[in-house]
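Going letter by letter, the sequence shown gives residues 8 to 344 in our numbering.
Even for Gly, the Cβ is constructed at its ideal location relative to N, Cα and C.
Everything on this sheet refers to the single structure shown next.
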Amino acid sequence: MDQLVSMGEGNTPLVESTRFPGLHFKLETTNPSGSYKDRFIAAELSRLLLEGRRVCVATSSGNTGSSLAAYCARYRMRCAILVNSDAPAGKLMQMQAHGAKVIRIPQFVTSPEVTERVFALLEQFAASGRAGLVVSAFRYCPGGMQGVKAIAREIVEQLEGVRHVFVPVGGGGLFAAVSDEMQAIQPETLVHAVQPAGCPTLWNAWRDGVDTITPVESTTRVSGLSVPFDIDAGLALRTLRQGGGQAFAVSDEAVFAAQRDLLRMEGVYSEPAGAAALAGYYQAREKGIVRDRESAVCLVTGHGFKDPVSVEAAARETAGYTADAGNLMAVLDEVTR
Ligand SMILES: Cc1ncc(COP(=O)(O)O)c(C=O)c1O
8 MDQLVSMGEG NTPLVESTRF PGLHFKLETT NPSGSYKDRF IAAELSRLLL
58 EGRRVCVATS SGNTGSSLAA YCARYRMRCA ILVNSDAPAG KLMQMQAHGA
108 KVIRIPQFVT SPEVTERVFA LLEQFAASGR AGLVVSAFRY CPGGMQGVKA
158 IAREIVEQLE GVRHVFVPVG GGGLFAAVSD EMQAIQPETL VHAVQPAGCP
208 TLWNAWRDGV DTITPVESTT RVSGLSVPFD IDAGLALRTL RQGGGQAFAV
258 SDEAVFAAQR DLLRMEGVYS EPAGAAALAG YYQAREKGIV RDRESAVCLV
308 TGHGFKDPVS VEAAARETAG YTADAGNLMA VLDEVTR
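Here is the structure:
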């Protein structure tokens with residue numbers, strides 16, 4: 008069905024790994040603003056425009072805001088975006104370059120008290136009718152989250168009989184969308200949740216076999232996956248149990264190592280959150296949950312351009328050169344040897 012709002016999001020490529028036969032990467036980085044959030048924003052803004060709204064307020068760890076800012080610019084809507092004070096530079100720049108009003112709030116997301124209070128105020132503001140509230144989670148925007156479900160349908164079309172899908176988890180909405188849709192269309196495919204060990208809301212509950220999500224003190228440095236309380240984690244947990252997938256907790260170091268592997272061995276320019284699924288895949292292989300050559304998909308959810316600091320370390324490992332006409336031949340000789 009054609010949406011009111013669209014900029015060509017979705018239908019992203021699925022490329023095979025150069026190292027692990029059977030493993031594929033779903034390149035959500037190729038969406039218009041560089042992350043899967045475009046699927047959510049296109050669906051949510053379509054809904055808001057149908058309601059006659061032209062102003063929205065949003066919370067974002069970065070990618071929802073970047074996407075919202077881009078689509079609002081195109082559809083002449085206005086938006087104010089509340090972000091944590093250390094959202095990555097690339098994402099903040101995207102928001103402001105598109106003309107969004109960005110409001111930085113210290114301790115937003117990291118402190119449960121600050122976060123709860125801010126959400127309550129935002130809901131109060133949105134309830135006054137001044138603006139639509141945009142948060143990429145089923146709890147706040149179930150209509151928009153329907154747009155994310157297309158990821159599962161595309162994977163089924165692109166890779167026949169796919170056995171495993173690995174999904175990074177922050178708030179849990181992305182996982183809930185993909186897993187729920189997969190269970191509806193191809194239940195034999197297992198959708199696994201990968202969460203940073205430094206923010207293990209879903210993971211703790213899954214490991215302990217309990218139904219409630221307990222807030223945690225987040226220590227992860229993986230932007231986008233630091234959501235230390237229950238937004239959609241409870242929903243994601245129920246969906247995970249129904250679908251029969253597994254949960255994996257991965258260290259920040261494992262995520263950064265996976266990001267480096269994507270850069271250096273797969274040619275994929277991903278932000279850290281976009282590499283978390285691969286860190287989960289490595290763990291699943293070690294544990295024998297995924298066998299050699301078994302078909303699997305890792306979602307690469309966000310572009311490396313969004314978080315330049317995170318790719319700096321990998322970039323520094325490769326020397327740069329300066330040359331002039333006098334020594335160019337010698338330099339070329341050296342670098343091509
Ligand atoms: C790149 C990226 N991957 C994954 C996620 C996780 O999505 P969710 O919070 O719905 O679990 C986010 C959320 O901001 C993200 O920006």
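Please list, in chain order, all residues of the same chain as residue i whose beta carbon is under 6 Å from its beta carbon, the five residues on each side excluded.
{"i": "G250", "result": "S186, Q190, V198"}
{"i": "M84", "result": "R61"}
{"i": "A184", "result": "M152, V155, K156"}
{"i": "A94", "result": "G69"}
{"i": "Q246", "result": "Note that residue 246 corresponds to Thr in the displayed sequence, not to Gln. A183, S186, D187, listed in sequence order."}
{"i": "A212", "result": "I220, L244"}
Compute the distance between the beta-carbons of residue i and residue j, then report whether it is under 8 Å.
{"i": "A76", "j": "H31", "result": "no"}
{"i": "G69", "j": "S230", "result": "yes"}
{"i": "G281", "j": "A200", "result": "no"}
{"i": "A96", "j": "P315", "result": "yes"}
{"i": "V142", "j": "T66", "result": "yes"}
{"i": "A284", "j": "F173", "result": "yes"}
{"i": "V125", "j": "R111", "result": "no"}
{"i": "S74", "j": "K33", "result": "no"}
{"i": "G150", "j": "R54", "result": "yes"}
{"i": "L270", "j": "A326", "result": "no"}
Identify which residue in the options has its Cα closest to the Cα of residue i.
{"i": "C86", "options": "A96, G72, T226", "result": "G72"}
{"i": "V318", "options": "Y276, V307, G177", "result": "Y276"}
{"i": "D237", "options": "P119, V125, L52, R170", "result": "P119"}
{"i": "S225", "options": "G205, G139, P95", "result": "G205"}
{"i": "Q376", "options": "I192, P235, V217, H171", "result": "The first residue shown for the chain is 8 and the last is 344, placing residue 376 beyond what the model contains."}
{"i": "P279", "options": "A254, M102, L306, Q10", "result": "L306"}
{"i": "G136", "options": "E188, G59, M100", "result": "G59"}
{"i": "R248", "options": "Y328, L140, G216, R267", "result": "G216"}
{"i": "W210", "options": "V116, F255, A133", "result": "F255"}
{"i": "A261", "options": "Y289, L270, R323", "result": "Y289"}
{"i": "T117", "options": "S92, T329, E341, R146", "result": "S92"}
{"i": "V12", "options": "P207, R46, E123", "result": "R46"}
{"i": "P207", "options": "P222, A138, G168, D340", "result": "P222"}
Name the DSSP beta bridge partners of residue i, please?
{"i": "T66", "result": "L89"}
{"i": "A264", "result": "Beta-bridge pairing links A264 to no other residue."}
{"i": "Q131", "result": "Answer is none; Q131 lacks a bridge partner."}
{"i": "P203", "result": "V257"}
{"i": "F32", "result": "V22, C305"}
{"i": "V172", "result": "V198, V304"}
{"i": "V223", "result": "Beta-bridge pairing links V223 to no other residue."}
{"i": "G139", "result": "C63"}
{"i": "H310", "result": "S277"}
{"i": "R248", "result": "BP columns for R248 are empty, so no partner."}
Among the residues of its own chain, which have a CB less than 8 Å from the CB of residue i, if the five just before and after it don't count?
{"i": "T79", "result": "The residue you asked about is not Thr; residue 79 is Cys in the sequence shown. So the qualifying residues of the chain are L52, C63, R85, C86, H105, G106, A107."}
{"i": "N5", "result": "Nothing can be reported for residue 5, as the shown portion of the chain is limited to 8 through 344."}
{"i": "I192", "result": "A159, R160, V163"}
Using 8 Å for Cβ pairs, my map puts residue i next to residue j. What's the rounded Cβ distance?
{"i": "V121", "j": "Q131", "result": "16 Å between Cβ atoms; not a contact."}
{"i": "R292", "j": "D259", "result": "Not a contact, Cβ separation roughly 20 Å."}
{"i": "E273", "j": "S24", "result": "6 Å"}
{"i": "D218", "j": "G180", "result": "Contact doesn't hold; Cβ gap of about 18 Å is too wide."}
{"i": "A286", "j": "A265", "result": "4 Å"}
{"i": "H171", "j": "V297", "result": "6 Å"}
{"i": "G29", "j": "E301", "result": "5 Å"}
Can you list, in chain order, the residues of its chain with a C-beta nearer than 7 Å to that of residue i? Leave out the 5 residues immediately preceding and following it.
{"i": "R26", "result": "M272"}
{"i": "A243", "result": "V176, G179, F182, A183, A200, L209"}
{"i": "C6", "result": "Outside the displayed range of the chain (8 to 344) lies residue 6, so it cannot be described from this structure."}
{"i": "Q10", "result": "A49, A50, S53"}
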